[in-house]
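Asks: Numbering (the UniProt record's numbering), first residue to last: 1 to 292.
(1) Among the residues of its own chain, which have a CB less than 6 Å from the CB of residue 113, if the five just before and after it don't count?
(2) Please name the residue in 200, 272, 46 and 120 whose C-alpha comes closest to that of residue 12.
(3) Among 201, 17, 277 and 209, which residue has its Cα nearest to the Cα of residue 136?
(4) Leaving out five residues before and five after residue 228 in sequence, what residues of the same chain have Cβ atoms less than 7 Å from its Cβ?
(5) Is residue 103 helix, strand or coil by DSSP?
(6) Report the three-state DSSP secondary structure of residue 126 (helix, strand or coil).
(7) From the DSSP output, in three-state form, read off residue 168 for me.
(8) Evaluate residue 4 with the Cβ neighbour count: other Cβ atoms within 10 Å of its Cβ, from every protein chain shown; 16 or more gives buried, anything less gives exposed.
(9) Decide yes or no for the touch test of the stretch 211-227 against the stretch 143-155: beta carbon pairs closer than 8 Å, at least 3 of them.
(10) Taking DSSP as the reference, what is the three-state secondary structure of residue 249?
(11) Below 8 Å, how does it come out for the stretch 49-61 and the stretch 12-24: are there three or more Cβ pairs, yes or no?
(12) Give the straight-line distance between the Cα atoms of residue 142 and residue 25, rounded to the nearest whole angstrom.
(13) Rounded to whole angstroms, what is the Cα-Cα separation between residue 199 and residue 55?
(14) Can you give, in chain order, each stretch of the alpha helix (DSSP H) that sits fully within the stretch 2-61 and has at least 4 residues?
(15) Could you work out which residue in 180, 34 and 16 is closest to residue 281 when comparing CA atoms only?
(16) Mapping the DSSP letters down to three states, classify residue 258 as helix, strand or coil.
(17) Run through the stretch 192-241 for me and flag every whole beta strand (DSSP E) of 3 or more residues, listed as ranges in chain order.
(18) Between which two residues does the alpha helix (DSSP H) containing residue 285 stretch?
(19) Taking 7 Å as the limit between beta carbons, can you name the residues of its chain near residue 277, skipping five residues before and five after?
(20) Tell me whether residue 57 is buried or exposed, calling it buried when 16 or more other Cβ atoms sit within 10 Å of its Cβ.
(21) Taking just the CA atoms, how far does residue 180 sit from residue 212?
(22) Could you pull the start and end residues of the alpha helix (DSSP H) that residue 267 belongs to?
(23) CA-CA distance, residue 86 and residue 62?
(24) Put residue 156 into one of helix, strand or coil per three-state DSSP.
(25) In or out: residue 201 buried (at least 16 other Cβ within 10 Å) or exposed?
(26) Measuring only the C-alpha atoms, how far is residue 178 from residue 116?
(27) Counting only beta-carbon separations shorter than 7 Å, does residue 92 have a partner in chain B?
(28) Let me confirm a value: residue 279 is counted as buried when at least 16 other C-beta atoms fall within 10 Å, else exposed. Which label applies?
(29) What does DSSP give as the partner residues of residue 91 in its beta bridges?
(30) How about residue 206 and residue 81: do their beta carbons lie closer than 7 Å?
(31) According to DSSP, simplified to helix, strand and coil, what is residue 133?
Here it is, written out as structure tokens:
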């Protein structure tokens, strides 16, 4: 994975700051940080390195992992649309989707019978039309239930057709919309995506397999990292980022060093400085073992 000529060009003495994507990167397929990876991060911190998380998840759904690694930096969530400082317990930046665009997208999702999630600044709302409760929602509920009480958050699911008085979208700042492709009819998803092209001020990107993230145009993981670097005096020339999906490429482009996980597709690997083992093979641990 890591060729010797590339390994010889980097050592952790050149690094001050390290950022990790969560799903597919810091977490394995069981959504866990392995003991090897956790120990590796603690050793890096003992050397004076600072670590942080940059994820497509909302900050409250990454709070537990942020706690486990004892992150030094505020957390960048929702693909860069929100930055949360857990030390101060406050949002230091947010960029919600335009209200008019949000309402238009919401109506088109409902019309096309799509299963989807809305991420607000405090909770997640889910909507579905299929007869069975969506697999993704089951996974989300199970994930919440496994968390220690102080890390739990609100998730409310609505089945079509719900009473409009039950949910008024205009009262919320919607930070991200997640289309659950795996729990939706593909024909309807394609139709919805065609209609989405006519809505201004948004773009779509992939953060995991079987989902589509809908984001405001002017934000990304890379832009948020750039912003955080100014707030926290982070030297991006001494920063390395780890990721595995298309939404990670923007932060690859901002940081001097970047690492694609072994299971990532060729486009992501080509955008990275280095390639390591997969998230299921302790790719983060293996990378730092090799460069040291």
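For each residue, glycine too, the CB sits at the ideal point set by N, CA and C.
Replies: The structure says:
(1) Take residue 113, set aside five residues on each side of it, and the residues of its chain with a beta-carbon closer than 6 Å to its own are 129 and 188, in chain order.
(2) With distances taken between Cα atoms, residue 12 lies closest to 46.
(3) When each option's Cα is compared against that of residue 136, the closest is 209.
(4) These residues qualify, in order along the chain: 73, 74, 76, 83 and 234.
(5) In the structure shown, residue 103 sits in a helix (DSSP, three-state: H, G or I).
(6) It is a strand residue.
(7) Three-state DSSP puts residue 168 in coil, outside helix and strand.
(8) Because the pLDDT of residue 4 is 38, which lies under 50, any placement of that residue in the model is unreliable, and the number read from its coordinates should be weighed accordingly. So residue 4 counts as exposed.
(9) Taking a cut-off of 8 Å for Cβ pairs, the stretch 211-227 and the stretch 143-155 do not touch, as fewer than three such pairs fall below it.
(10) If DSSP states are grouped into helix, strand and coil, residue 249 belongs with the helices.
(11) Taking a cut-off of 8 Å for Cβ pairs, the stretch 49-61 and the stretch 12-24 touch, as three or more such pairs fall below it.
(12) If I take the Cα positions, the gap works out to 21 Å.
(13) If you draw a straight line from the Cα of residue 199 to the Cα of residue 55, it comes to about 25 Å.
(14) Here the runs fully enclosed are 4-7 and 35-46.
(15) When only C-alpha atoms are compared, the closest one is 34.
(16) Shown here, residue 258 sits in a strand according to DSSP, grouped into three states.
(17) Runs of the beta strand (DSSP E) inside the stretch 192-241: 202-205 and 211-216.
(18) Element bounds for residue 285: 283-291.
(19) When the five nearest sequence neighbours on each side are left out, the beta carbons in the same chain lying within less than 7 Å of the beta carbon of residue 277 are those of 1, 262, 283 and 286, in order along the chain.
(20) Under this definition residue 57 is a buried residue.
(21) Roughly 7 Å between the two C-alpha positions.
(22) Element bounds for residue 267: 266-271.
(23) Cα to Cα, residue 86 sits roughly 11 Å from residue 62.
(24) Strand at residue 156.
(25) Here residue 201 is exposed. Its C-beta has fewer than 16 other C-beta atoms within 10 Å.
(26) Taking the straight line joining both Cα atoms gives about 6 Å.
(27) No chain B appears in the structure shown, which is made up of a single protein chain.
(28) Classification of residue 279: buried, given that the 10 Å Cβ count is 16 or more.
(29) Under DSSP, residue 91 shares a beta bridge with 84.
(30) No, they are not a contact pair.
(31) Residue 133 sits in coil when the DSSP states are folded into three classes, being neither helix nor strand.
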